[in-house]
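Here's the structure we're looking at; comments come further down.
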Amino acid sequence: MDIAIVIKIAGIGILVAIICQLLKQTGRDDMAMLAAVAGLVITLAMIVNLIATLFENVKSIFGLY
Numbered sequence: 003m004d005i006a007i008v009i010k011i012a013g014i015g016i017l018v019a020i021i022c023q024l025l026k027q028t029g030r031d032d033m034a035m036l037a038a039v040a041g042l043v044i045t046l047a048m049i050v051n052l053i054a055t056l057f058e059n060v061k062s063i064f065g066l067y
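This note's numbering puts the sequence shown at residues 3 to 67.
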């Protein structure tokens with residue numbers, strides 16, 4: 003795993019946290035929740051390939067299937 007993916011995820015987390023705080027202070031709690039969910043979806047889309055690779059490695063290590 004490359005350190006760049008970790009830095010990207012941390013950057014997305016910081017950006018989403020800032021956006022959520024700004025939206026909550028202006029009274030737009032529904033938009034803050036939407037921003038948090040969007041950040042979660044973006045992050046999951048980035049790591050779905052890594053999770054698939056992890057499961058393939060586990061299957062090959064333990065000789066499953």
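Virtual Cβ for every residue (Gly too), placed ideally from N, Cα, C.
For glycine 15, the uninterrupted alpha helix (DSSP H) run begins and ends at 5 to 27, by DSSP. If you draw a straight line from the Cα of glycine 65 to the Cα of leucine 56, it comes to about 14 Å. Around the CB of alanine 37, 16 or more other CB atoms lie within 10 Å, so the residue is classed as buried.
Ranked by how close their Cα comes to the Cα of leucine 24, the residues Ala40, Ile49, Ala34 have Ala34 in first place. DSSP places leucine 52 inside the alpha helix (DSSP H), whose first and last residues are 31 to 64.
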